[in-house]
Amino acid sequence: MDAFLTTPDKKNLLTKLPSLRWDGGVTGLPELVVESERRLQPFLGVGAALTDSSAWLLMQAMDAKIRQATLKALFDSKTGNGFAVLRVCVGASDFNHDGSYTYCDTPDPTLAAFTIEREKRFLVPLLKEIKKIQPKLTLIASPWTAPAWMKTGKSLNGGWLEWAHYGTYAQYLVKYLKAMAAEGIAFDYLTPQNEPRHESTSYPSLRMEPADQARFIGEHLGPALKQASLPTKILCWDHNWDGIDFPLAVLADDKARAFTTGVAFHGYGGEVSAQAKIQAAYPEKEIHFTESSGGDWAKDFGGNIRWDLTNLLLGSVRYGARSVLKWNLVLDEHHGPQNGGCKDCRGIVTLDRKTGQITKNEEFYAFGHLGRFVPPGSHHLASTPLPELPAAAFIRPDGQHVLACCAEKETRFTLRHQSRATTVKVPAGAALTLIWK
1 MDAFLTTPDK
11 KNLLTKLPSL
21 RWDGGVTGLP
31 ELVVESERRL
41 QPFLGVGAAL
51 TDSSAWLLMQ
61 AMDAKIRQAT
71 LKALFDSKTG
81 NGFAVLRVCV
91 GASDFNHDGS
101 YTYCDTPDPT
111 LAAFTIEREK
121 RFLVPLLKEI
131 KKIQPKLTLI
141 ASPWTAPAWM
151 KTGKSLNGGW
161 LEWAHYGTYA
171 QYLVKYLKAM
181 AAEGIAFDYL
191 TPQNEPRHES
201 TSYPSLRMEP
211 ADQARFIGEH
221 LGPALKQASL
231 PTKILCWDHN
241 WDGIDFPLAV
251 LADDKARAFT
261 TGVAFHGYGG
271 EVSAQAKIQA
281 AYPEKEIHFT
291 ESSGGDWAKD
301 FGGNIRWDLT
311 NLLLGSVRYG
321 ARSVLKWNLV
331 LDEHHGPQNG
341 GCKDCRGIVT
351 LDRKTGQITK
361 NEEFYAFGHL
371 GRFVPPGSHH
381 LASTPLPELP
391 AAAFIRPDGQ
401 HVLACCAEKE
411 TRFTLRHQSR
421 ATTVKVPAGA
431 ALTLIWK
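Residue numbers (full-length UniProt numbering): 1 to 437.
Pasting the structure below:
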């Protein structure tokens, strides 16, 4: 059995340990049983958001050799973290290198001036480069705002979508998906709106309530995708766990539910257990965890790794998530480039634009504990919940089994799988991933 360890003192960073043997286990220890016969949801992988800021840094602020090494460290399934899911901003977000924009700033319901030309500079070529490294890449598209002329207040920052432009905005999103597909970038999922209950006056945003999103999906976006023969699936909500009433209300609408594949969650409020309410009410719907950022507000390396594992990587999977994503893939030493939002967010990696040095942050190592070992096509397996040991088990396409776990205090337990058992020790504050046939 192979074992990989990360410790809070940084002496072990996804370090391979001596192989473990099936020693029969020790009587009296807590038992964690992995049930191979109980396959749960398929797992698409882990990843982050490829914001405009991240794309610009990768394509313009670092040379080709550093970029290629960085992308391999993040996406390569053999030598890197095996990231396999990316969330892409549709137009401007709070992380842009040159201010806010949309793809049709000219007021015109026919969208004659629509163009993604600016995305051909950095985003499109970068996505093509990434797909060569990770051919099993899943893409999620998320808009922060509609064009200002479609909104109340006529500003990109805040406001609501005017009812007269529900159909126009649906066609706008269809045009985006088609234009990107024409460039070889096909999106698997689309969320109608990033954080629909967060109306910011400092960066692009758009307010929606459940009835608005249900109407938009059921009467406009869903039918528009169908008419355009686009296979992109709709994920509603795309906001925090503590707003669970929103996706439940959207899915309660018959028209919206028919076009909604699942629910996307963020982790800035509430508890991961909220996802269980979707599992219980709509077990046929997919669950994805699409955003949570690290930042300078949390500087405890080991504590950050345990939080990400406990709540996102292990917790959200135990509550049905098929993918788990952080926020920015890459930011610079000044937590940017920024566009009016978070001032101290941290990327998966940090680029020092003065020295060209890349720093792998704690999020890199936390997400590596799943991404490196649980490829797309794996399935989450049922396993015994232990209060002192957040954990999740998987079976990979090659038949190998994976258990990822972490512990605040030193923890010893018996791992049991079929007729075999072994004793496992997780050091205090550490993350551990085990792989066996």
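C-beta: ideal position from N, C-alpha, C; glycine also.
Just so it is clear, the structure is predicted and the values come from calculations on it, not from any experiment.
Residue i and residue j look like a contact to me (Cβ under 8 Å); what is the Cβ gap, rounded to whole Å?
{"i": "Ala170", "j": "Ala224", "result": "4 Å"}
{"i": "Ala214", "j": "Asp253", "result": "4 Å"}
{"i": "Trp241", "j": "Ala280", "result": "Not a contact, Cβ separation roughly 15 Å."}
{"i": "Ala148", "j": "Leu156", "result": "5 Å"}
{"i": "Val174", "j": "Leu230", "result": "7 Å"}
{"i": "Val90", "j": "Ser323", "result": "Going by Cβ atoms, the distance from Val90 to Ser323 rounds to 18 Å, so no, they are not a contact pair."}
{"i": "Val272", "j": "Ser202", "result": "The pair is not a contact, with the Cβ atoms about 28 Å apart (cut-off 8 Å)."}
{"i": "Val250", "j": "Pro210", "result": "5 Å"}
{"i": "Gly6", "j": "Ile358", "result": "According to the sequence as given, residue 6 is Thr; it is not Gly. That belief does not hold up - the Cβ atoms of Thr6 and Ile358 are roughly 18 Å apart, past 8 Å."}
{"i": "Arg207", "j": "Gly167", "result": "With 8 Å as the limit, Arg207 and Gly167 do not qualify as a contact, their Cβ atoms being about 19 Å apart."}
{"i": "Ser142", "j": "Thr102", "result": "The pair is not a contact, with the Cβ atoms about 14 Å apart (cut-off 8 Å)."}
{"i": "Ala276", "j": "Arg38", "result": "With a Cβ gap of about 17 Å, Ala276 and Arg38 do not count as contacting."}
According to DSSP, simplified to helix, strand and coil, what is residue i?
{"i": "Glu333", "result": "coil"}
{"i": "Leu50", "result": "strand"}
{"i": "Ile244", "result": "coil"}
{"i": "Ala113", "result": "coil"}
{"i": "Arg318", "result": "helix"}
{"i": "Lys425", "result": "strand"}
{"i": "Trp237", "result": "strand"}
{"i": "Val85", "result": "strand"}
{"i": "Gln41", "result": "strand"}
{"i": "residue 461", "result": "Coverage of the chain is limited to positions 1 through 437, which leaves residue 461 absent and any answer about it impossible."}
{"i": "Trp160", "result": "strand"}
{"i": "Val90", "result": "strand"}
{"i": "Pro223", "result": "helix"}
{"i": "Ser273", "result": "helix"}
{"i": "Lys78", "result": "coil"}
{"i": "Thr102", "result": "coil"}
{"i": "Met59", "result": "helix"}
{"i": "Arg197", "result": "coil"}
{"i": "Phe301", "result": "helix"}
According to DSSP, which residues form a beta bridge with residue i?
{"i": "Phe289", "result": "Phe265, Val324"}
{"i": "Asp2", "result": "Ile435"}
{"i": "His380", "result": "Phe394"}
{"i": "residue 439", "result": "The requested residue 439 does not occur in the structure, where the chain is confined to residues 1 to 437."}
{"i": "Thr260", "result": "Ile234"}
{"i": "Val26", "result": "None, per the DSSP bridge assignment."}
{"i": "Thr411", "result": "Val426"}
{"i": "Lys16", "result": "Phe4"}
{"i": "Tyr189", "result": "Ile140, Lys233"}
{"i": "Val207", "result": "Before going further, note that residue 207 is Arg rather than Val in the sequence given. In DSSP, Arg207 forms a bridge with Trp160."}
{"i": "Leu389", "result": "Leu386"}
{"i": "Gly294", "result": "Arg346"}
I want to check one thing, is the minimum distance from the CB of residue i to the heavy atoms of the ligand MN below 6 Å?
{"i": "Lys437", "result": "This structure lacks the ligand MN; in fact it carries no ligand of any kind."}
For the 8 Å Cβ check, are there 3 or more pairs between the segment 101-116 and the segment 58-72?
-> no
Would you check if the segment 25-40 and the segment 299-314 touch, i.e. whether three or more CB-CB distances between them fall below 8 Å?
-> no
Length at least 3, wholly inside the segment 339-369: the beta strand (DSSP E) runs in chain order | 349-351, 358-360
Segment contact, 8 Å Cβ cut-off, at least three pairs: the segment 15-30 with the segment 375-382 | no
Given 8 Å as the limit, is there contact between the segment 43-54 and the segment 77-84, that is, 3 or more CB pairs closer than that?
-> yes
Runs of beta strand (DSSP E) wholly within the segment 117-152 (minimum 3 residues, chain order) = 138-143
Count the CB pairs spanning the segment 318-337 and the segment 284-293 that are closer than 8 Å, and state whether there are at least three.
-> yes
Please determine if the segment 73-81 and the segment 128-143 are in contact, where contact requires at least 3 C-beta pairs separated by less than 8 Å.
-> yes
Does the segment 330-337 come close enough to the segment 346-356 to have 3 or more Cβ pairs within less than 8 Å?
-> yes
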